[in-house]
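Okay, so here's the structure we're looking at.
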Amino acid sequence: MRSNAARAALMGLWLLCCAAYVLSPRRAAAQSHNLKIDLGGKLGTLPVTAEAEAEVEAAAAAAAEISDEDAMAAFRRFNKRFGLVVNPGEYAKTDTTKACKPENQIRTKVWEGNHDYPLCRLPKKRHGDCMFWSFGVSNADDFSRSLAEDFKCRGFALDPSSKSENISHYMHTEPNVLYLPFGLAAPTNGPFSEEISKMEWQMTSLPSLRKFLMAAPPVKAGAPSWDGHLDVVKIDCEGCEYTIADTVLKEDRHFFKNIDQVVLELHMPKAFAPTRDVAMGIPKLIYLLEEAGLMVQPQPTGKWGACSAHFERKGCADLFVELGYERCVKKQMRICNHFIFYRDDYDAANY
């Protein structure tokens, strides 16, 4: 029989080995093969095989997907609502929230000649200023300037193609807006893909940008901290809208639940969606917006935006014709349109 001293020595050696295992790189690898499960309100950890872990990951990935059928159904609902929105006689039948009724809508300053972005009225803020992102500013951005000057919002203007000298001058004149040289990735077979591929532009995704700004927000000195909530996101980036759904599904499916309204330009011409797979990015985006409670709103002024005639004369992408998109079916020009998507979860007293 071993002496007590021998037993103690062996026990010490065993504990030392356990400590080395816990602190070693192998421990991280071993942890990847553990599965956390809910045991009657208590969190338990059970060892699982790599195959079982792969099945769990595959199931999670499948749950994050949106089927083509569900996406197209969401687009048809959007199209039906849009049909009511653009026909004055049907306008009264829409369930327009108080903030989005004509008398309450905000008209931001016109920029680039024919872009007039409408907004539903911003609620009165009880805690701090409003926050916005504006994607697609070229070398000027009166949309951001209008929100900062007229509505006292803080925000970020984003565009990888902007001319630095113009943006530098702009930033000095508007301290509540910070320019970031980031863009949202566009499909690799879009109308500007060849030009973009030659540029060393910095691209990001909506969820990645939010994480970046929350971790180390590059705000002006003295500005209050940001909790990740956005009052307005404006996206006009010549086709990048086709990739947004995929990145949101991969990184943060609930991203849009942190946004009160989205001002979005949708580009429907064939040049922007040369294949059905690319075109499906719009119905999936509509689905995610609807899932977050963001619904398309009326714009009774009739200013919906437009692409260049070079793109529009070739007509809509086939998928949008198949889905009965109003302007594609009627073969009207102006098939690149601005939309307001707004979530009505405010108390009316806030306006």
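Read left to right, the sequence shown gives residues -30 to -1, 1 to 321 (mature numbering (1 follows the signal peptide of the UniProt record, and there is no 0)). Beta carbons: idealized from backbone N, C-alpha and C, even for Gly. In this text, all values refer to a predicted model and were calculated from it rather than measured experimentally.
Would you report the Cα separation of residue i and residue j, rounded to the nearest angstrom?
i           : j    : result
M173        : N49  : 30 Å
E208        : D129 : 11 Å
Y312        : A127 : 21 Å
C306        : D206 : 10 Å
L234        : Y295 : 16 Å
L289        : L255 : 14 Å
S37         : E144 : 44 Å
S175        : G106 : 14 Å
residue 395 : G263 : Absent from the structure is residue 395, since the part of the chain shown begins at -30 and ends at 321.
L200        : K227 : 10 Å
E261        : G198 : 19 Å
A43         : G153 : 30 Å
W171        : L150 : 12 Å
L236        : I252 : 8 Å
L219        : A118 : 31 Å
W196        : P88  : 25 Å
residue 329 : F52  : Nothing about residue 329 can be read from this structure; the chain reaches only from -30 to 321.
L92         : H224 : 22 Å
F182        : T217 : 15 Å
P177        : D222 : 6 Å
M184        : E39  : 35 Å
S131        : R180 : 21 Å
Y321        : V232 : Any reading at Y321 must be qualified, since the residue scores a pLDDT of 43, below 50, and its modelled position is unreliable; the value itself is stated next. In a straight line, the C-alpha of Y321 is about 18 Å away from that of V232.
M265        : V299 : 22 Å
Y257        : R47  : 10 Å
R304        : M250 : 20 Å
Quick check on residue i: does DSSP put it in helix, strand or coil?
i           : result
D112        : helix
R124        : strand
M238        : coil
L259        : helix
P145        : coil
L219        : helix
D247        : helix
I36         : coil
D230        : strand
residue 323 : What is shown of the chain runs -30 to 321, which leaves residue 323 out entirely.
C286        : strand
A185        : helix
C210        : coil
Measuring alpha carbon to alpha carbon, tell me which of the options ends up nearest residue i.
i    : options                   : result
F45  : P88, L293 and G125        : L293
K240 : E144, C286 and W196       : C286
A41  : G125, F121, L259 and G198 : L259
N146 : F152, A155, R124 and L154 : R124
F121 : G106, F102 and S131       : F102
M238 : V232, D230, I229 and V248 : V248
R246 : D222, V218, V291 and E221 : V291
S116 : L183, P253 and V202       : V202
E211 : P151, W171 and F309       : F309
L148 : L92, S114, P177 and A155  : S114
E35  : P88, Q267 and A215        : A215
K204 : E39, S104, R47 and W196   : S104
C100 : V266, P244, M265 and D230 : D230
T213 : M265, R304, F242 and S131 : F242
P244 : K284, K300 and V299       : K284
Residue i bridges to which residues according to DSSP?
i    : result
S104 : A127 and K204
N307 : L236
M173 : G153
V291 : For V291, which the question treats as bridged, DSSP gives no partner whatsoever.
Y312 : Q231 and M265
Any heavy atom of the ligand FAD closer than 7 Å to the beta-carbon of residue i?
i    : result
A249 : Absent from the structure shown: the ligand FAD. Ligands present: none.
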